[in-house]
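J.:
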Amino acid sequence: MFQKLFSALQNKPLYTTDGYTIAGKKPVNEDSYLIEVKKDACLLLVADGVGGHGHGDWASQICVQHFQEAFNRIENLNDPKTFLHEHALKVAQKVLQKHTEDPAYKNCGTTLTGFLIQEKHYYVINIGDSRTYAWHPSKGLRRLTKDHSIVQQMIDAGTLTESEAANHPYRTTMTSAIGQAMDTIKIDITGPYTLTEGEILLSFSDGIHDFLTDTQISQIISSNAKPLAQTLVEQALAAGSTDNITACWLKQ
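In UniProt numbering, the protein residues as written are 1 to 252.
1. Pick out the complete alpha helix (DSSP H) segments inside the region 186-211, 4 residues or longer, and give them in chain order.
2. Between the Cα of Thr110 and those of Tyr122, Lys120, Val91, spot the shortest distance and give me the residue it belongs to.
3. Rounded to a whole number of angstroms, what is the C-alpha to C-alpha distance between Tyr170 and Lys39?
4. Roughly how many whole angstroms lie between the Cα atoms of Met174 and Ser149?
5. So is Ile208 buried or exposed if we call it buried at 16+ other beta carbons inside 10 Å?
6. Could you tell me which whole alpha helix (DSSP H) segments of length 4 or greater appear in the region 76-119?
7. Taking just the CA atoms, how far does Tyr105 sit from Glu164?
8. State the CB to CB distance for the pair Pro192 and Tyr122, rounded to an integer number of angstroms; the pair is presumed to be in contact (CB under 8 Å).
9. Sort Lys146, Thr16, Pro80, Glu86 by Cα distance to Met182 and report the nearest one.
10. Thinking C-beta only, is Thr21 closer than 8 Å to Tyr33?
11. Could you give the residue range of the alpha helix (DSSP H) that holds Ile220?
12. Quick check on this structure: which residue in Gln216, Glu119, Gly140, Thr113 has the alpha carbon closest to the alpha carbon of Val37?
13. Let me check understanding here. Comparing Cα to Cα, which of Pro137, Gly24, Asp57 lies closest to Leu237?
14. Ends of the alpha helix (DSSP H) at Leu232?
15. Going straight from the alpha carbon of Arg131 to that of Pro103, what length do you get?
16. Within its chain, find whatever has a CB closer than 7 Å to the CB of Thr231; leave out the 5 residues flanking it on each side and keep chain order.
17. Among Lys98, Trp58, Leu202, Thr172, which has the Cα closest to the Cα of Val124?
18. State the DSSP-derived secondary structure class of Asp57, mapped to helix, strand or coil.
19. Using only CA atoms, which one of Val233, Lys251, Ile189, Cys248 lies nearest to Asp79?
20. Could you give the DSSP three-state label for Arg131: helix, strand or coil?
21. Would Glu30 and Asp48 qualify as a contact pair, given that the criterion is a beta-carbon distance under 8 Å?
22. Which ranges does the beta strand (DSSP E) cover as unbroken runs of at least 3 residues, wholly within the region 124-177, from first to last along the chain?
23. Let me check understanding here. Comparing Cα to Cα, which of Lys146, Gln97, Phe204 lies closest to Val233?
24. By the three-class DSSP mapping on this structure, what secondary structure does Tyr20 have?
25. Do Leu45 and Val64 come within 8 Å of each other at the CB atom, strictly closer than that value?
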């Protein structure tokens, strides 16, 4: 009996994760996500393709596919920040190469956000205007990324408020994305952070956070809605989201 119990504990997953994505009111879903779990590590990413008929779906798919393959190849993640940065650059190079090889792809690109976690420590990556958050029962929701966008620059400069940004005509104009010239891409990587008891990490495409406020997102999480990712997506759609919608989360 003890041996069976010990074996069950050994095989218990270190993380609980889930993800959900829909095209929403658009004909094509250009969002992609990755949840890749190893014995003591997990890579969770959301990529929101841009370019419309310029193959944004391809850009987001190649992004998460590249990271999945790289994550599974590496045996020891001694430097998570370097891993995230180097492979973000490699994906960017792949997309730019596709621009030159096929004119039909010249306008495609993608955002990238998410985190790499090892046991209880995690690192966050962000390029573009998708977002990663942390939620805790006693601390509520906090944003771990800052949008690379015109309106965020205006907020930082004090010329625009968060509430004004929600309806600003430039709210979807990004200042950094995979698919831009290499010398203009801004890659934010932060951490390590410590994952605490009860904490949930979440990554979204803007189909979520452009239509649900941080307060609404926090209320959905605290209500213990299940399945959480699908509930967040469905609530964003009900709130009028006109974009592709993706939500992913992890809890230890």
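The beta carbon of each residue, even a glycine, is placed where N, CA and C say it ideally should be.
This structure is a prediction, so every number in the text was calculated from the model and none was measured.
T.: Concretely, from the data shown:
1. Taking only runs of at least 4 residues, the alpha helix (DSSP H) segments lying wholly in the region 186-211 are 206-209.
2. Taking the sequence shown and counting its residues from 1, the one referred to as residue 110 is at position 110. Cα-wise, what sits closest to Thr110 is Val91.
3. Working through the sequence shown from its first residue, we reach residue 170 at position 170. Working through the sequence shown from its first residue, we reach residue 39 at position 39. Cα to Cα, the separation comes out at about 43 Å.
4. Translated into positions along the sequence shown, residue 174 becomes position 174. Translated into positions along the sequence shown, residue 149 becomes position 149. C-alpha separation (whole angstroms): 4 Å.
5. On the sequence shown, position 208 is the one that residue 208 refers to. Counting Cβ neighbours within 10 Å, Ile208 comes out buried, since at least 16 surround it.
6. 80-101
7. The residue you call residue 164 lines up with position 164 of the sequence shown. The residue you call residue 105 lines up with position 105 of the sequence shown. Glu164 and Tyr105: Cα-Cα distance of roughly 34 Å.
8. Stepping through the sequence shown from its first residue, residue 192 is reached at position 192. Stepping through the sequence shown from its first residue, residue 122 is reached at position 122. Taking the Cβ atoms as the reference, Pro192 lies roughly 7 Å from Tyr122, within the contact range of under 8 Å.
9. On the sequence shown, position 182 is the one that residue 182 refers to. The candidate whose alpha carbon is nearest that of Met182 is Glu86.
10. Stepping through the sequence shown from its first residue, residue 33 is reached at position 33. Stepping through the sequence shown from its first residue, residue 21 is reached at position 21. The answer is yes: Cβ separation under 8 Å.
11. The count along the sequence shown starts at 1 and reaches residue 220 at position 220. Here the alpha helix (DSSP H) through Ile220 covers 214-222.
12. Here residue 37 refers to the residue found at position 37 when the sequence shown is read from its first residue. The shortest Cα separation from Val37 among Gln216, Glu119, Gly140, Thr113 belongs to Glu119.
13. Against the sequence shown, residue 237 aligns to sequence position 237. Residue Gly24 is the option with its Cα nearest to Leu237.
14. In the sequence shown, counting from the first residue as 1, residue 232 sits at position 232. Residues 228-238.
15. Residue 131 sits at position 131 when you count from the first residue of the sequence shown. Residue 103 sits at position 103 when you count from the first residue of the sequence shown. Those two C-alpha atoms are separated by around 30 Å.
16. Here residue 231 corresponds to residue number 231 of the sequence shown, with the count starting at 1. Answer for Thr231: Ile220, Ala225, listed in chain order.
17. Stepping through the sequence shown from its first residue, residue 124 is reached at position 124. Closest by alpha carbon: Leu202.
18. Residue mapping note: residue 57 aligns to position 57 of the sequence shown, counting from 1. Of the three classes helix, strand and coil, the one that applies to Asp57 here is helix, per DSSP.
19. Residue mapping note: residue 79 aligns to position 79 of the sequence shown, counting from 1. If we check each option's Cα against that of Asp79, Ile189 comes out closest.
20. As a working note, residue 131 is residue 131 in the sequence shown. In the structure shown, Arg131 falls within a strand segment according to DSSP collapsed to helix, strand and coil.
21. As a position in the sequence shown, residue 30 is number 30, starting the count at 1. As a position in the sequence shown, residue 48 is number 48, starting the count at 1. Yes. Within cutoff.
22. 131-136, 140-143
23. Along the sequence shown, one-based indexing puts residue 233 at 233. Considering only alpha carbons, the answer is Phe204.
24. As a first step, residue 20 must be located in the sequence shown, where it is residue number 20. Correct three-state label for Tyr20: strand.
25. In the sequence shown, the residue the question calls residue 64 occupies position 64. In the sequence shown, the residue the question calls residue 45 occupies position 45. Yes.
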